[in-house]
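> Below: one structure in structure tokens.
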Amino acid sequence: MSTVFFSYSHKDEDLRDRLEVHLAMLKRQGLIDAWHDRRIAVGSDLDNSIRSELEKAEVILLLVSPDFLASDYCYDIEVTRAMERHVAGEARVIPIILRHCEWKSAPFGKLLAAPKDGKPINTWTDLDEAFLDVVQKIKTALPKAKPSLVTPHREQMSTKSISHGARSSNLRLAKTFTEADKDRFLDEGFSFMAKFFENSLQQLQERNEGIETTFKQIDANRFTAVIYRHGKSLSRCKIQLGGRFETGITFSSNDRIDDGSYNESLDVEADDQGLYFKASGMWSWGEQPKRHLTYEGAAEYFWSMLMRPIQDRQQ
């Protein structure tokens, strides 16, 4: 069994919790034992406990974000020692990119990061897909188990080998989210989506000759987008907040349709670790609805619906 050490900023604890959930199968298979500072017993010396576990770990996960890089303790102490042990061949360091930040100039910047291509986890369309990619890379990086030459009998095992502070790492409790939390997530997600569409339309026009685009912010809760080629409209949409029984975000393929009509919707849902968007599935009949969507994942999902009529014509 390999000891896996989490080096992270407490501001990213929600993403660390999600990663630990996805590591459950590796734990069940007896491949890893995960450790982070939330396992420190009450009354223990915090600094000594972290340094001790960092020295013992065979795999060190750096959960990288702007807050992680800004943390003096994470950067100056944990990263420094982790890289020393990595260079010495004593441990394997794996950077896991949680959020956009300037990590490539860090001491671990030349290491192969997870998820794939170092794409930040919170920019993936589906969080589960991102964490699955991370888990697969961690599993591949685990040291190969060495066969034991001697198997001691139970009665021969010394009680000194049992750690005095031993306890389970399964201490995670379900988080609860209020109606205010969900409303805030919805409002922030919609604001992100509006800016995402405005920027994407501008880039689409700049990069493709003959393409013209328009973005119109009708009010705080509605915006429209239209894509033209040589003056002829190719695709249109209207996206609004609260269009589905005054909840969620809706997409209509007609920018001039009444507010109550739509082709697809996204609703805010929660699991025991966080909030996310889930698609109703109206747009893709027979397919599983998109779920566990981040802000960017939700925006990308609706953007693909706007682009589909254009891309289908090119096939």
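Every position in the sequence shown, counted from 1, becomes a number in the working numbering once 496 is added. Glycine included, each C-beta is placed from N, C-alpha and C at the ideal position. No experiment lies behind these values; they were computed from the predicted model shown.
Report the partner residues of residue 733 according to the DSSP bridge assignment.
Here the question's residue 733 lines up with position 237 in the sequence shown. BP columns for residue 733 point to 721.
> Compare the beta carbon distance of residue 633 and residue 610 with 7 Å and say whether it is the shorter of the two.
Counted from its first residue, the sequence shown places residue 633 at position 137. Counted from its first residue, the sequence shown places residue 610 at position 114. Yes, Cβ-Cβ distance for residue 633 and residue 610 is below 7 Å.
> So does the stretch 700-711 actually touch the stretch 671-684, counting three or more Cβ pairs closer than 8 Å?
The answer is no - the stretch 671-684 does not touch the stretch 700-711, with fewer than three Cβ pairs under 8 Å.
> Quick check on residue 504: buried or exposed, where buried means 16 or more other Cβ atoms within 10 Å of its Cβ?
For the purposes of this step, residue 504 is taken as the residue at position 8 of the sequence shown. Under this definition residue 504 is a buried residue.
> Take residue 552 as the anchor and find which of 562, 528, 723 has the nearest alpha-carbon.
Numbered from its first residue, the sequence shown carries residue 552 at position 56. The shortest Cα separation from residue 552 among 562, 528, 723 belongs to 528.
> Just tell me which of 546, 542, 499 has its CA closest to the CA of residue 530.
Here residue 530 refers to the residue found at position 34 when the sequence shown is read from its first residue. Closest option to residue 530, Cα to Cα, is 499.
> Going by beta carbon distance, what residues of the same chain come within less than 7 Å of residue 571, once the five residues before and after it are set aside?
As a first step, residue 571 is located in the sequence shown; it is residue number 75 there, counting from the start. So the list reads 565, once near-sequence residues are dropped.
> Using DSSP bridges, identify the partner residues of residue 711.
For this step, residue 711 is matched to residue 215 along the sequence shown. BP columns for residue 711 point to 721.
> Please work out which residues of its chain come closer than 7 Å, Cβ to Cβ, to residue 507, disregarding the five sequence neighbours upstream and downstream, and give them in chain order.
For this step, residue 507 is matched to residue 11 along the sequence shown. Excluding positions up to five away in sequence, the list reads 563.
> Which class does residue 800 belong to by DSSP, given the choice of helix, strand or coil?
Counting from one through the sequence shown, the residue named residue 800 turns up at place 304. DSSP places residue 800 in helix when its eight states are reduced to three.
> With distance defined between alpha-carbon atoms, name the residue in 724, 619, 583 nearest to residue 709.
The residue labelled residue 709 in the question sits at position 213 within the sequence shown. Looking at the Cα atoms, 724 is the closest of the given residues.
> How should residue 612 be labelled, buried or exposed, when 16 other C-beta atoms within 10 angstroms of its C-beta is the threshold for buried?
Position 116 of the sequence shown, counted from the first residue, corresponds to residue 612. That one is exposed.
> Determine, using beta-carbon pairs with one atom in the stretch 794-807 and one in the stretch 715-732, whether at least three such pairs fall under 8 Å.
Because the criterion of three Cβ pairs below 8 Å is met, the stretch 794-807 and the stretch 715-732 touch.
> With a threshold of 8 Å on Cβ separation, who are the neighbours of residue 598 within its own chain once the five nearest residues in sequence on each side are excluded?
Along the sequence shown, read from residue 1 onward, the residue named residue 598 stands at position 102. The answer, listed in chain order, is 565.
> Mapping DSSP to helix, strand and coil, what is residue 740?
Numbered from 1 along the sequence shown, position 244 holds the residue referred to as residue 740. At residue 740 the pLDDT is 49, less than 50, meaning the model places this residue with poor confidence and gives no usable figure here.
> Tell me which residues share the same chain as residue 578 and place their Cβ nearer than 6 Å to its Cβ, disregarding the 5 neighbours each side in the sequence.
Within the sequence shown, the letter at position 82 stands for residue 578. Excluding sequence neighbours, residue 578 sits near 556, 589.
> Rounded to a whole number of angstroms, what is the C-alpha to C-alpha distance between residue 737 and residue 747?
One-based indexing of the sequence shown puts residue 737 at position 241. One-based indexing of the sequence shown puts residue 747 at position 251. Answer to the nearest angstrom: the Cα atoms are 9 Å apart.
> For residue 720 and residue 514, what's the separation of their Cα atoms in angstroms?
One-based indexing of the sequence shown puts residue 720 at position 224. One-based indexing of the sequence shown puts residue 514 at position 18. Approximately 35 Å, taken between the alpha carbons.
> Taking residue 588 as part of the beta strand (DSSP E), name the residues at either end of that continuous run.
As a first step, residue 588 must be located in the sequence shown, where it is residue number 92. Where residue 588 is concerned, the enclosing beta strand (DSSP E) stretches over 588-593.
> Take residue 629 and list the residues in its own chain whose beta-carbon comes closer than 6 Å to its own, dropping the five residues that flank it on each side.
Against the sequence shown, residue 629 aligns to sequence position 133. The residues are 611, 612.
> Can you grab the Cα-Cα spacing for the pair residue 761 / residue 594, in whole Å?
For the purposes of this step, residue 761 is taken as residue 265 along the sequence shown, with counting starting at 1. For the purposes of this step, residue 594 is taken as residue 98 along the sequence shown, with counting starting at 1. Going by the C-alpha atoms only, they are around 27 Å apart.
> Would you mind stating whether residue 622 and residue 726 have Cβ atoms separated by less than 7 Å?
The residue labelled residue 622 in the question sits at position 126 within the sequence shown. The residue labelled residue 726 in the question sits at position 230 within the sequence shown. No, these two residues do not count as a Cβ contact at 7 Å.
> Determine the direct distance from the alpha carbon of residue 548 to that of residue 655, and round the result to whole angstroms.
Mapped onto the sequence shown, residue 655 falls at position 159. Mapped onto the sequence shown, residue 548 falls at position 52. The predicted model places residue 655 with a pLDDT of 39, which falls under 50 and marks its position as unreliable; any figure quoted below should be read in that light. Each residue's alpha carbon lies about 21 Å from the other.
> Please determine, among 711, 522, 696, the residue with the shortest C-alpha to C-alpha distance to residue 797.
Taking the first residue of the sequence shown as position 1, residue 797 is located at position 301. With distances taken between Cα atoms, residue 797 lies closest to 696.
> When the Cα of residue 707 is compared with those of 673, 637, 722, 771, which residue comes out closest?
To locate residue 707, count along the sequence shown from 1; it is residue 211. The shortest C-alpha separation from residue 707 is found at 722.
> Identify whether residue 747 lies in helix, strand or coil by the three-state DSSP scheme.
Translated into positions along the sequence shown, residue 747 becomes position 251. Of the three classes helix, strand and coil, the one that applies to residue 747 here is strand, per DSSP.
> Take residue 745 and list the residues in its own chain whose beta-carbon comes closer than 6 Å to its own, dropping the five residues that flank it on each side.
Position 249 of the sequence shown, counted from the first residue, corresponds to residue 745. Same-chain partners within the cutoff: 686, 737, 762.
> Which word fits residue 502, buried or exposed, when buried means at least 16 other C-beta atoms lie within 10 angstroms of its C-beta?
The residue given as residue 502 occupies position 6 in the sequence shown. When all chains shown are included, residue 502 counts as buried.
> Select from 772, 584, 575 the residue whose C-alpha is nearest the C-alpha of residue 511.
Residue mapping note: residue 511 aligns to position 15 of the sequence shown, counting from 1. It is 772.
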